[in-house]
Amino acid sequence: MYSLINIHSHLAGAEDEITIQNIHQQFAEPITGNYFSAGIHPCYIHEQTCRNQLDELSLLIKNPSVVAVGECGLDRICETDFFLQEEIFKAQIHLANDINKPLVIHCVRAFEEVRAALKQNRTNVPVIWHGFSKKSIQLSNDLLKDGAYLSFGTILFQESMYTLFKSIPDDRFFLETDNTEKAILSVYEQAAKIKNYTINEIAEIIHNNTKQVFRTINL
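Positions 3 to 221 (this note's numbering) are the ones given, in order, by the sequence shown.
Below is the structure:
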């Protein structure tokens, strides 16, 4: 059986799983472990120190253990000034382009603004919209047409997501646990149930997508 891959978690994964653990602050501290993503979450942008945050991040993402930039993006319900969010997001798009590592997107009520920023700044790396929870097939199709990937977590336990998830092509989705303590195996089981696949078939799909997108992960 293929190893279970969790592409976005705020917790360390089990030893028999491959987990990309997210770092969203304290970028100057040493990291120990296998795989990480690192980015300035819009809710953790500090106006007085954001330039220093970017400098520290630009050094951290050069670490071979950091396989993606993010999560980063735009969030209309957090308190951070939206213009400042856009500036810091733009900077992280450029960092991802420069380092040639995938970009993990956080987006709340700002899909068109995020899409515009990605296009205007000529994003040339794979883009993964993490924690995708919208039930609009039109929106998911638009993102897929942009060339993006969609990552799903515990939202798959809501029956209202079944139709949308079934519509996502096998080569364009990932699975994650985000900030929950739910086992990634349970997310795989739910994905398999919805897609009418075996768990190993889902694991093979995620394995192949990971090889395509996260090319510095040793599979």
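The C-beta atom is built at its ideal place from N, Cα and C for all residues, glycine as well.
Since the structure is predicted, the reported quantities are computational estimates derived from the model, not experimental observations.
Among the options, nearest to residue i - alpha-carbon criterion
i, options, result
"T34", "C80, Y190, I22", "I22"
"N126", "E115, V116, H96, S162", "H96"
"G133", "V189, I20, A14", "V189"
"V116", "D77, I139, P104", "D77"
"L145", "R53, L59, E114", "E114"
"M3", "S39, H26, E206", "E206"
"D172", "R53, S135, F154", "F154"
"Q87", "T200, A112, Q214, K136", "A112"
"N123", "L141, Q94, K137", "Q94"
"F38", "H48, R53, E49, I20", "I20"
"N220", "Q55, S67, A40, Q28", "S67"
"N211", "R174, A194, Q192", "R174"
"A118", "N99, E58, G75", "G75"
"V215", "E161, I139, F176, N24", "F176"
"D57", "C80, F84, F29, K195", "F29"
"T179", "Q27, S142, C80, S135", "S135"
"S11", "C80, E73, E31, F85", "E73"
Rounded straight-line distance, which links the Cα of residue j to that of residue i
i, j, result
"N202", "I208", "10 Å"
"A16", "I9", "13 Å"
"N198", "K92", "39 Å"
"N65", "G149", "26 Å"
"Q50", "K103", "27 Å"
"L166", "N36", "32 Å"
"V129", "N54", "25 Å"
"L61", "A98", "12 Å"
"Q160", "K195", "12 Å"
"K168", "E31", "41 Å"
"F84", "I47", "11 Å"
Beta-bridge partners of residue i, as assigned by DSSP
i, result
"Y199", "According to DSSP, which records beta bridges pairwise, Y199 is partnered with nothing at all."
"V246", "Summary: the structure shown does not reach residue 246, with the chain confined to residues 3 through 221, and so no result is reported for it."
"L61", "The partner list for L61 (beta bridge, DSSP) is empty, contrary to what the question assumes."
"D100", "Partner(s): none; D100 has no beta bridge."
"I25", "A40"
"E19", "L6"
"D77", "V110"
Supposed contact pair residue j and residue i - C-beta distance, whole angstroms, cut 8 Å
i, j, result
"I90", "I42", "6 Å"
"L152", "I170", "6 Å"
"T82", "C45", "6 Å"
"I186", "L13", "The Cβ separation is near 10 Å, so there is no contact."
"A70", "L105", "7 Å"
"K184", "T218", "With a Cβ gap of about 27 Å, K184 and T218 do not count as contacting."
"M163", "K137", "6 Å"
Task: Length at least 4, wholly inside the region 137–216: the alpha helix (DSSP H) runs in chain order - done: Within the region 137–216, the complete alpha helix (DSSP H) runs of at least 4 residues fall at 139–147, 164–169, 186–197, 201–215.
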